[in-house]
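Read through the structure below, which is laid out as structure tokens, and then see the notes.
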Amino acid sequence: MPFLELATVAVLLLIAMATYLVLTRGVPGQRLLTPPLVALLLVANLVPSIALIVLFGRRVAKGRARRSPVGGSGRLHVRLVGIFSLLASVPMLLVVIFASLLFQYGVSFWFSDHARGTLEGAAEVAKQSYAREEDRVSRNSVAMSGDLADALGRVSMDDPQFGYYLVSQLAQRELTEGMILRAQPGKEIASLALVNPYDREIGKFITGAMVNAVRSGKMSVVVESPNGIGALTKLPIGSDNYLYAARIDPTYGSQIQRARIVLRDYRDLLERSRKLQLQFNAALFIIALLIVAIAVWIALTVADRLVRPVGELVDAARRVTAGDLAARVTIPRTHDEVGTLANAFNRMTGRLEAQTGDLERRRALIEAVLSGVTAGVVSIDSERSIRLLNLSAKTLLSMGETPAIGRKLVDIAPELDGMLERGEREGIVQLTSGAEPRTLAAKIVADEGGHVLTFDDITEQLLDQRRAAWSDVARRIAHEIKNPLTPIQLAAERLKRRYAREITSDPATFVRLTDTIVRQVGDLRRMVDEFSSFARMPKPVFREESLVDIARQALFLHEVAHSTITFALDAADDAPNMVCDRRQLGQALTNVVKNAVEAIQQQSGGEDAGGTVTLALDKIDEIVRISVADTGIGLPPERSRLVEPYMTTRAGGTGLGLAIVKKIVEEHFGTMSFADRTGGGTVVLMDFDTVLLGPLQQKCAPVEYASDPVPAELSRTGRS
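Just so you know, the sequence shown maps onto residues 1 to 720 in the UniProt record's numbering.
Now the structure itself:
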């Protein structure tokens, strides 16, 4: 949190300001601070600084975690940063406190009054010892000058005995070198007698100032040299003769010099004691922060190394979730738990890929089988929601492109859902939800967690059964009725011819009754002929015919009889020909146009009704379509039964017209369907496959249909 980091920075700044005030104003001068105070200030500044480094590492850890494939809040990174920081900070703080106190107390002892007094006392002792030695050498040199003056009164300075005497004087007084010299004003110093065992240049140690001091009356002058102490005194013989005597010790001078240097350095160190104290603690402070920073860096590095394989696993798992079963992770070189997990993951995904491949192959096989069967198959779960259905089921249930998976069965096929409600396992159901009612033979099988419904469309099968039954009935009725019709008609006509003139009481009634008998017999004969046509259609003769001529003929027959209705032929100039039986196809079109006229008359309520009948010819690829549209009353609710035998919606109809049409269309490898016309009315569609009809063309002489009227140009139609 930024607030926590800002608060830590604020605390650190306050502690730093307090530390500055304590160092600059709390303890005046260059005195050392007390060890507890220094340790307290060090820890007080160190704790918030460490906390700030840890918080910074925490922020970096979260940023790395967000950029890693694992994502999330980076708890592993943060946890490792905290653990490593704690492991580094606690012992480090203890060591810092111990080292600071140890150093402070050591420094306090080094710069205490006792240590300073001891060192200065030792220096004073050395100084006094050096002064005593100078005094002893001075006194010996003065006494020796008197003895030498007495000896020179007896012997000359050039006498060898004097030389021996000089050496003995030096030895008796524990002096190591000596020289009798002459120092005249304005002249260089001249050596008259010399004892110089160390072969030193003694003359350079004696200066004119020393000579002048002795000449002015001083008993002796100390002559300092690097390795000894000497004295210059006046020789009583001669006014410009002097005696130099010295004690030489190579270690003595250096020890005195070292003592002086040590004392000087100690005093310099004493003046810089507080600065050294602060520098040491500052070094501890920086080292402690570096240790914590290194610990945080190590924690981040370790976390990255731990999270990287975990991130690869997470990324691979997400790819598997998305469907990529070929996802694999890199096996780490280290054979640890992460490597074991990676191996297990790769084995798992390999098995999943293999099993999914098997399932996909089985699913593809099942789908291929289901898509190839004509029966509809629907699988539902325990909640009766659809989880699988094949293409045939969608077609039979008239679903179109509407998604079905997940929908309730009752919303799509309530009749099938009713079977489940009633506990039925098989039965016949009527579907009324589509454009045309269907009859289905359904069977229900329970499976794990639901049911499987299979059903077949037996609408055409039932229609064929009824058609076959009615064909047999029609054949028997035609046979039984047709036999007595001819004698009845002949008898009625004979009665009319023979007895019409003999009836005098009411001849008009007699003629009307006989005409009624003849007319009714004719109606019965036509009905019997329709029965015969339905029961046994003649074998069609297939030849290539002009559909335009056949259509004109069908329209012409009705145009003459119904002048108030507009008949239109919609055909292109290159209207297609088709291999067909001219008589049967003309009969089919005549029946369809007849039904269209009757629908218009029902719509308007009379034979003089006005309307439009349009017959259209079209070809789509290899399919020839003949459509008849009218502006009549439209399709009845039971439209699916219109082509059934003896199914009629008009009084006086036989119900065989459309049944005969459908039979003719089927014998021409065609299909027949009904649709609602836009704006009202009906459209009858007949589609014929020319690919199947082509091979049926019979190569023989044209058949002349003597009873067919010659089609004329329609006077009230569209294109001819």
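C-beta: ideal position from N, C-alpha, C; glycine also.
Because the structure is a prediction, the values reported are computed rather than measured.
Residue i (DSSP reduced to helix, strand or coil)
i, result
"leucine 166", "helix"
"leucine 4", "helix"
"leucine 424", "Note that residue 424 is glutamate in the sequence shown here, rather than leucine. Residue state, collapsed to three classes: coil."
"alanine 629", "strand"
"residue 759", "Missing from the structure shown is residue 759; the chain here goes from 1 to 720 and no further."
"glycine 228", "strand"
"phenylalanine 542", "coil"
"valine 643", "coil"
"glutamine 461", "helix"
"proline 709", "Only weak support exists for where proline 709 lies, its pLDDT of 44 falling under 50; the coordinates are left without a value."
"isoleucine 189", "coil"
"tyrosine 198", "coil"
"leucine 555", "helix"
"threonine 207", "coil"
"lysine 408", "strand"
"isoleucine 286", "helix"
Closest by C-alpha distance to residue i, when choosing among the options
i, options, result
"asparagine 281", "Arg498, Arg79, Thr395, Val95", "Val95"
"isoleucine 237", "Val155, Leu55, Ala492", "Val155"
"valine 541", "Ala364, Gly311, Leu300, Gln697", "Gln697"
"methionine 672", "Gly681, Val661, Thr504", "Val661"
"glutamate 690", "Val643, Glu667, Arg132", "The sequence shown places threonine at residue 690, rather than the glutamate named in the question. Threonine 690 has its Cα closest to that of Glu667, out of Val643, Glu667, Arg132."
"alanine 245", "Ile287, Val195, Ala283, Ser239", "Val195"
"isoleucine 623", "Thr207, Lys187, Val579, Leu513", "Val579"
"serine 398", "Asp457, Glu383, Ile366", "Asp457"
"leucine 453", "Ile180, Leu86, Glu201, Glu424", "Glu424"
Inter-residue Cα distance where the pair is residue i and residue j
i, j, result
"glycine 652", "proline 576", "Low confidence applies here, because glycine 652 scores a pLDDT of 49, under 50, leaving its location unreliable; read the following figure in that light. About 37 angstroms."
"glutamate 545", "threonine 432", "40 angstroms"
"glutamine 602", "alanine 375", "40 angstroms"
"alanine 629", "aspartate 687", "15 angstroms"
"isoleucine 97", "arginine 64", "34 angstroms"
"arginine 139", "glutamate 174", "12 angstroms"
"proline 35", "leucine 243", "60 angstroms"
"phenylalanine 345", "alanine 303", "21 angstroms"
"phenylalanine 455", "proline 695", "36 angstroms"
"leucine 101", "threonine 19", "17 angstroms"
"alanine 342", "leucine 313", "7 angstroms"
"methionine 92", "valine 81", "16 angstroms"
"threonine 395", "lysine 62", "57 angstroms"
"arginine 79", "leucine 289", "20 angstroms"
"alanine 393", "valine 378", "7 angstroms"
"valine 329", "alanine 316", "7 angstroms"
"leucine 617", "valine 593", "14 angstroms"
"tyrosine 198", "glycine 217", "31 angstroms"
Residues of its chain near residue i, where Cβ-Cβ distance is below 6 angstroms and the 5 sequence neighbours each way are ignored
i, result
"isoleucine 380", "Ile386, Leu409, Gly450, His451"
"alanine 51", "Thr8"
"arginine 66", "none"
"glutamate 426", "Lys443"
"glutamate 353", "Leu325"
"arginine 319", "Ala327"
Cutoff 7 angstroms; reference residue i; Cβ partners in own chain excluding five residues on either side
i, result
"isoleucine 550", "Arg582, Leu585, Gly586, Leu589"
"glutamine 169", "Met144, Asp147, Leu148"
"alanine 88", "Ile291, Val292, Ala295"
"glycine 632", "Ala596, Ala599, Ile600, Gln602, Gln603, Gly611, Gly681, Thr682"
"methionine 419", "Gly427, Val429, Ala442, Ile444"
"leucine 12", "Pro48, Ser49, Leu52"
"leucine 41", "Thr19, Val22"
Buried versus exposed, by CB contacts within 10 Å (16 or more), residue i
i, result
"phenylalanine 567", "buried"
"glutamate 177", "buried"
"isoleucine 229", "buried"
"lysine 234", "buried"
"valine 560", "exposed"
"isoleucine 248", "buried"
"asparagine 212", "exposed"
"phenylalanine 556", "buried"
"residue 723", "Lying outside 1 to 720, the shown extent of the chain, residue 723 is not represented and no answer is given."
"lysine 663", "buried"
"glycine 57", "buried"
"arginine 258", "exposed"
"glutamine 553", "buried"
"isoleucine 366", "exposed"
"isoleucine 206", "buried"
"glycine 372", "exposed"
Sequence-distant residues of the same chain with beta carbon closer than 8 angstroms to residue i, five excluded per side
i, result
"glycine 400", "Lys394"
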